[in-house]
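J.: Provided herewith is a single structure, encoded as structure tokens, for subsequent inquiry.
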Amino acid sequence: MTEPGAGRREAERTEARDGRNIDPEIGALEGEASQQAVPSDRATVEGAVPYSVWGREPTQRPDGATYYDRPAIKEPVWIWAVPAYFYVGGAGGAAAVLGAVAQAADRQGFARLIERCRWIAAAGTASGTALLIYDLGRPARFLNMLRVFRPTSPLNVGSWILAAAGPLAAGSAAFAGSDGPVRRLGDLAGAGAGLLGGPLAAYTAVLVTNTAVPVWQAPRRTLPVLFVSSAASSAASLLELEELDERAHRVVERFGRLAKLVDLAATVAVEREAGRVDRVAQPLKEGLAGALWRAAKALTASSLMLSVLPGSSRAKRVSSGVLGTAGAVALRFAVWHAGTMSARDPRATFEMQRAGHGAAEVTGQVAASGSRGSRAV
Amino acid sequence: MTLGTEPATRKGFFTDTTVCIGCKACEVACKQWNQLPDDGQFFTGMSYDNTVDLGASTWRHVAFIERPVPLFADPIPGDSDETFSWLLMSDVCKHCQRAGCLENCPTGAIVRTEFDTVFVQPDVCNGCGYCVVGCPFGVIDRREDDGRAWKCTLCYDRLKDDMEPACAKACPTNSIQFGDLDELRRRAEERVTQLHDRGIGDAYLYGADAAGQPGTEGLNAFFLLVDEPEVYNLPPDPVVPTKKAGAAWLSAAAAALGLLGAAVGAVVMGGRR
Chain A
1 MTEPGAGRRE
11 AERTEARDGR
21 NIDPEIGALE
31 GEASQQAVPS
41 DRATVEGAVP
51 YSVWGREPTQ
61 RPDGATYYDR
71 PAIKEPVWIW
81 AVPAYFYVGG
91 AGGAAAVLGA
101 VAQAADRQGF
111 ARLIERCRWI
121 AAAGTASGTA
131 LLIYDLGRPA
141 RFLNMLRVFR
151 PTSPLNVGSW
161 ILAAAGPLAA
171 GSAAFAGSDG
181 PVRRLGDLAG
191 AGAGLLGGPL
201 AAYTAVLVTN
211 TAVPVWQAPR
221 RTLPVLFVSS
231 AASSAASLLE
241 LEELDERAHR
251 VVERFGRLAK
261 LVDLAATVAV
271 EREAGRVDRV
281 AQPLKEGLAG
291 ALWRAAKALT
301 ASSLMLSVLP
311 GSSRAKRVSS
321 GVLGTAGAVA
331 LRFAVWHAGT
341 MSARDPRATF
351 EMQRAGHGAA
361 EVTGQVAASG
371 SRGSRAV
Chain B
378 MTLGTEPATR
388 KGFFTDTTVC
398 IGCKACEVAC
408 KQWNQLPDDG
418 QFFTGMSYDN
428 TVDLGASTWR
438 HVAFIERPVP
448 LFADPIPGDS
458 DETFSWLLMS
468 DVCKHCQRAG
478 CLENCPTGAI
488 VRTEFDTVFV
498 QPDVCNGCGY
508 CVVGCPFGVI
518 DRREDDGRAW
528 KCTLCYDRLK
538 DDMEPACAKA
548 CPTNSIQFGD
558 LDELRRRAEE
568 RVTQLHDRGI
578 GDAYLYGADA
588 AGQPGTEGLN
598 AFFLLVDEPE
608 VYNLPPDPVV
618 PTKKAGAAWL
628 SAAAAALGLL
638 GAAVGAVVMG
648 GRR
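Protein sequences appear in the order of chains A and B. So in the working numbering, spot 272 of the first sequence is number 272, and the numbers just go up one at a time. For the working numbering, add 377 to where a residue sits in the second sequence, where the first one is 1.
What follows is the structure in structure tokens.
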């Protein structure tokens with residue numbers, strides 16, 4: 001015999017099957033993780049193996065201990081929007097600096113160059129902000145980034161820099177063509193954005209190195225140089241696509257050549273700093289990340305070569321700009337993807353720390369980490 | 378077992394892996410008390426470990442380590458047949474003294490509680506994911522469908538009510554011990570001495586204090602291990618990334634100044650009429 005209401009209760013129970021198996025008639029969802037959302041199609045997920053779990057037989061092998069080759073750290077959850085932000089934010093920051101310097105040197109003579117710089121800065125910071133918000137797990141809470149000031153978090157420091165630089169860049173661009181006091185206001189905003197442009201282009205490197213990911217943490221002295229030179233190269237490449245007068249083009253050309261030269265030198269320096277432990281630099285050499293890294297170097301080098309060749313045709317400049325832009329974008333995506341690969345490799349973490357590049361290199365002490373005695377096979 | 382439960386003292390876990398029997402009662406108790414959703418109930422097929430790792434909805438994980446070696450470097454006399462041994466360890470958030478997740482958190486969602494534990498406030502977290510890469514132990518993770526980062530709270534709600542965390546309460550062998558940090562350290566050192574006296578010279582404490590693990594300045598949830606940390610999927614010399622940030626900030630400042638210099642140079646050199 002079926003009791004009345006049994007069908008309704010069964011339906012409620014099915015609804016409550018969110019992986020917690022709590023009958024709403026008996027239990028209340030008040031635990032610390034009870035608000036954790038689960039997918040509505042949980043039932044179809046159940047029983048499935050979500051990924052290849054053990055890549056090999058579980059028994060230990062003598063070639064350096066890992067836990068069945070499972071990752072020792074979590075891989076970044078950042079999506080494509082983050083490397084895309086590194087590119088646009090860097091380009092915007094470097095353009096703001098060049099615009100502010102040109103403004104200080106010759107406001108009238110460089111009027112068009114300044115205007116283009118300001119628009120790149122405005123577009124870079126605005127689209128960068130949008131990309132960062134899009135990457136959040138809870139985008140509606142993006143303002144929480146400015147809830148505190150926390151100098152230990154490069155992401156917090158960067159949010160404050162971006163929050164100040166974005167409106168300044170937008171204001172400077174909007175007032176670039178005005179006259180009188182409004183124009184002076186725009187110039188003031190342009191100078192402010194120029195001051196923040198350097199920090200904006202540079203902090204993202206600290207953001208990336210201030211992590212447990214070996215290939216990001218290891219090159220912490222050289223990666224900021226690479227990120228800033230890549231930002232300058234990005235801005236110069238975008239300006240090469242613009243129609244400017246000869247004098248402005250000479251400025252852009254000099255700026256771009258230096259940026260691309262330093263960029264190429266910095267890629268080698270990053271490889272060397274990360275490569276102090278072979279395993280750490282491995283993602284820069286193989287797979288998709290390695291291919292992107294090599295492509296970035298080749299594209300930037302060809303852009304540089306094109307720009308030092310004689311001649312000043314628009315086609316040459318545009319080609320150099322396109323190659324430079326592609327190189328800069330490839331570089332950001334290479335760094336991003338290399339981080340994922342590095343986090344998946346437990347030996348990168350272990351070998352880096354065993355080689356003295358864990359806490360030992362900053363604290364001068366080595367952590368208690370057991371003996372190898374009983375493990376000898 | 379609970380030790381001294383006055384509030385506002387430093388609390389932690391001492392996990393003695395030598396008495397862990399791999400029953401996973403801690404995993405179940407944690408899931409049940411905290412009302413964590415399941416992870417899909419899949420079967421790995423190659424090990425007794427079907428939990429695999431810690432994550433957003435897995436706050437205790439028992440590792441099952443199969444070793445083709447005797448349990449101890451000096452086999453027990455008359456027990457010469459031992460060519461295989463198990464190691465078991467219930468892993469958990471370490472509640473580091475210098476916590477990578479907390480120092481990386483840009484919103485202030487991750488805080489240190491009155492019990493000296495590290496706690497993520499779900500109503501503040503905006504899911505930026507920066508704590509995930511800040512943790513040197515791979516503990517905290519963002520749940521994709523939820524959008525926020527989650528990890529062990531050291532049963533903050535139970536601590537406030539003077540109760541011990543669910544995992545420690547459920548542990549049948551007292552492998553997981555909860556209490557005041559000073560008292561836990563004293564017991565842990567006693568246990569190591571006891572094991573050494575019994576001929577188990579490999580026993581050592583992982584992360585018990587700043588001297589033992591300078592990179593994190595000590596873990597509020599520390600472990601007694603009998604093999605290298607890597608065997609348990611623990612890093613041998615972990616470091617809170619912030620300890621290395623100074624060099625990166627200096628380099629970034631120099632690079633930003635270089636950018637300004639490059640712009641000045643380009644404008645002056647290229648701008649000549």
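Note that beta-carbon positions come from the ideal geometry of N, C-alpha and C, so glycine has one too. Remember, predicted model here, so these are calculated numbers, not experimental data.
Using a Cβ cut-off of 8 Å, pull out every chain B residue sitting near F86(A), in sequence order please.
T.: By Cβ distance, chain B contributes nothing, its closest Cβ being about 13 Å from F86(A), past 8 Å.
J.: Is the beta carbon of A130(A) closer than 8 Å to that of A235(A)?
T.: no
J.: Nearest-angstrom Cα distance between A43(A) and V516(B)?
T.: Since pLDDT at A43(A) reaches only 41, below the 50 mark, its modelled position is unreliable, and the value read off the structure follows with that caveat. Rounded to the nearest angstrom, the two C-alpha atoms are 27 Å apart.
J.: Using alpha carbons as the reference points, say which of E521(B), V495(B), Y425(B) lies closest to L465(B).
T.: Y425(B)
J.: I need the DSSP call for A48(A), collapsed to helix, strand or coil.
T.: For A48(A), the predicted structure reports a pLDDT of 43, less than 50, and the residue's modelled location is therefore unreliable. The matter cannot be settled from this model.
J.: With 7 Å as the C-beta to C-beta threshold (strictly closer), list the residues of the stretch 245 to 274 of chain A near chain B in chain order.
T.: R247, R250, V251, E253, R254, F255, L258, A259
J.: Can you name, in chain order, every residue of its own chain whose Cβ lies under 7 Å from the Cβ of E242(A), other than the five neighbours on each side?
T.: Spatial neighbours of E242(A) in its own chain (CB-CB distance under 7 Å, excluding positions within 5 residues in sequence) are listed in chain order as R116.
J.: Does any residue of chain B bring its CB to less than 8 Å from the CB of G190(A)?
T.: no
J.: According to DSSP, what are the bridge partners of G389(B)?
T.: G556(B)
J.: Identify the contact partners of G31(A) in chain B, using a Cβ-Cβ distance below 9 Å as the criterion.
T.: Q409, W410, N411, Q412, L413, D534
J.: When every heavy atom of the ligand NAP is checked, does at least one fall within less than 7 Å of the C-beta of W80(A)?
T.: In the structure on display, the ligand NAP does not appear, and there are no ligands present to speak of.
J.: Within the 8 Å Cβ cut-off, does V366(A) reach chain B?
T.: yes
J.: Can R254(A) and A632(B) be called in contact, C-beta distance under 8 Å?
T.: no
J.: In chain order, what residues of the stretch 194 to 211 of chain A put their CB closer than 7 Å to some CB of chain C?
T.: The displayed structure is made up of protein chains A and B, and chain C is not among them.
J.: Can you have a look at F420(B) and say buried or exposed, based on whether 16 or more other CB atoms are within 10 angstroms of its CB?
T.: By the C-beta density criterion, F420(B) is exposed, having fewer than 16 other C-beta atoms within 10 angstroms.
J.: Cβ closer than 7 Å: which chain A residues qualify as neighbours of K621(B)?
T.: Chain-order list of chain A residues neighbouring K621(B): Q217, R220, V362, by C-beta distance under 7 Å.
J.: Which of the three DSSP states is assigned to M466(B) in this structure?
T.: Strand.
J.: Hey, does C512(B) have any beta-carbon neighbour from chain A nearer than 8 Å?
T.: yes
J.: In the stretch 222 to 294 of chain A, which residue ranges form an unbroken alpha helix (DSSP H) of at least 4 residues, counting only runs that do not cross its ends?
T.: 223 to 240, 246 to 274, 278 to 281
J.: Using a Cβ-Cβ distance cut-off of 8 Å, determine whether T325(A) contacts chain B.
T.: Taking Cβ atoms only, chain B never reaches closer than 8 Å to T325(A), which makes this a no.
J.: Would you call the CB atoms of R354(A) and P615(B) closer than 8 Å?
T.: no
J.: Look at the Cβ atom of D179(A), then the Cβ atom of S229(A), and state whether they are nearer than 8 Å.
T.: no
J.: Could you pull the DSSP bridge partners for R437(B) from this structure?
T.: V469(B)
J.: Near C473(B), which residues of its chain fall below 6 Å by C-beta distance, leaving aside the five closest residues on each side in sequence?
T.: T593, L596
J.: Rank Q365(A), V335(A), Y67(A), A193(A) by C-alpha distance to the C-alpha of T209(A) and give the top, closest one.
T.: V335(A)
J.: Please name the residue in V182(A), E271(A), A298(A), S159(A) whose C-alpha comes closest to that of R221(A).
T.: E271(A)
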